[in-house]
Amino acid sequence: MFLEWQVKNEEDGLLLRTFLKSKHISKQLLTAVKFGADGKIEVNNQEQNVLHHVKTGDKVKLTFPTEQQNERLLAEYTDLEVVFEDEFLLIINKPAGMASIPSQYHPTGSVANFVKGHYENQGLTSAIHIVTRLDRETSGLMLIAKNRYAHARLSSFLQQGLLKRRYQAFTSGSLEEQAGSIEAPIGRKDVSIMERFVTPEGKYAKTNYEVLMRYKTFDHLAIQLETGRTHQIRVHFSYIGHPLIGDDMYGGDTTLLKRQALHSCHLHLLHPVTEEYMAFDLSLPDDMKEIIQKTK
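Taking UniProt numbering, I'd label the letters of the sequence shown as residues 1 to 296.
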């Protein structure tokens, strides 16, 4: 994988190192290129070091070294529901019941396993860079970077608020407010590897919500996160007494659904290379639609 640029008038005379920094090439990434077996920095098809001065019209090409793969990650093959893909990004519709990454006791069946198989079918040797991880039982849009450069830029966009997700959820009972925010710090319970709870010692977390529709036993919400804590939506709504339908870990009723009624429905971002604005939307999955139909 490589990137190419043409030096502009205002960049004339810059050190190659400075020029590459202006293109969002970090010191860490530049070091990997310099010392990687097949990484190269070229100006007009000639290899150069970072102290070279570029001139107007020069063509600069940065070839990234082959990424080291996790040999313990098993490649598996299935038809991923691909929403968008190019040489830098992969966006999928993750089904409920599929973990984002494998675990010690469940080394197969995760998004990472299937993405590795997907890459192998394309002849790609990239490592797996998951940008927006989802809980096993949460469905919807999931963003994966196809190389470390794209991952670094997308992580930066996420911190700057230029990459955002929205969710839809069904919460038990009836919320008092039509719209509002939940601000409560979240930490991990000492007695559990997975479970989180609201605690003064936790990390700051904020969840914004709006009620889209009210039904007899639950509300249908649109949700946007201001922070990205583990299990944030599930913990926050349980904390205020309205756990997600189907979320047995946090007190949700499983009569209507056997998994938490949470769906990643919207994603917008800037492309890591072109900086083009991109937006993606998904409708509710069938199991959540069925609940609405049953309660009408």
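Here a beta-carbon is modelled for each residue, glycine too, at the ideal position from N, C-alpha and C.
Being a predicted model, the structure only gives us computed values, none of them experimental.
- Thr207 and Ala179 have their alpha carbons spaced roughly 11 Å apart.
- Here the C-alpha atom of Thr63 lies approximately 5 Å from the C-alpha atom of Lys40.
- DSSP places Tyr215 in the coil class of the three-state scheme, outside both helix and strand.
- Burial check for Ser174: the Cβ neighbour count within 10 Å stays below 16, so the residue is exposed.
- Straight-line spacing of the CA atoms in Tyr204 and Ile233 works out to 13 Å.
- Note on Ile291: 16 or more other CB atoms within 10 angstroms of its CB, so buried under the neighbour-count rule.
- For Glu42, the pairing in a beta bridge is given by DSSP as Glu47, Lys61.
- For Glu120, the enclosing alpha helix (DSSP H) stretches over residues 111 to 122.
- Taking 8 Å as the cut-off, the beta carbon of Lys164 is found no closer than this to the beta carbon of Leu134.
- DSSP places Phe19 within a helical segment (H, G or I) once states are collapsed to three.
- Going by beta carbons, His53 and Gly13 fall inside the 8 Å limit.
- For Glu183, the enclosing beta strand (DSSP E) starts and ends at 179 to 183.
- Rounded to whole angstroms, the gap between the alpha carbons of Gln122 and Ser172 is 44 Å.
- Within the same chain, Cβ atoms closer than 7 Å to the Cβ of Gly251 are found at Ser238, Pro243, the five residues on either side in sequence being excluded.
- Assignment of Met288 by DSSP, reduced to helix, strand and coil, places it in the helix class.
- Annotated three-state conformation of Ile245 is coil, per DSSP.
- Tyr149 and Gln293 have their alpha carbons spaced roughly 44 Å apart.
- With fewer than 16 neighbouring CB atoms inside 10 Å of its own CB, His106 falls in the exposed class.
- In the DSSP assignment, Glu4 is bridged to Lys61.
- With a 10 Å radius around the Cβ and a threshold of 16 neighbouring Cβ atoms, Arg214 comes out exposed.
- Looking from the CA of Ser100, the closest CA among Ser139, Arg259, Arg72 belongs to Ser139.
- DSSP, read as helix, strand or coil, puts Thr125 in coil.
- Straight-line spacing of the CA atoms in Pro65 and Ala32 works out to 7 Å.
- Sequence-distant partners of Lys216 (beyond 5 residues in either direction) whose C-beta falls short of 8 Å from its own C-beta, in its chain, are Thr295.
- Leu141 has its alpha-carbon roughly 16 Å from the corresponding atom of Asp79.
- Taking a contact as a CB-CB distance under 8 Å, the pair Ala96 and Pro285 counts as one, their CB atoms being some 7 Å apart.
- Taken through DSSP and simplified to helix, strand or coil, Val191 comes out as coil.
- Arg165 is bridged by DSSP to Leu267.
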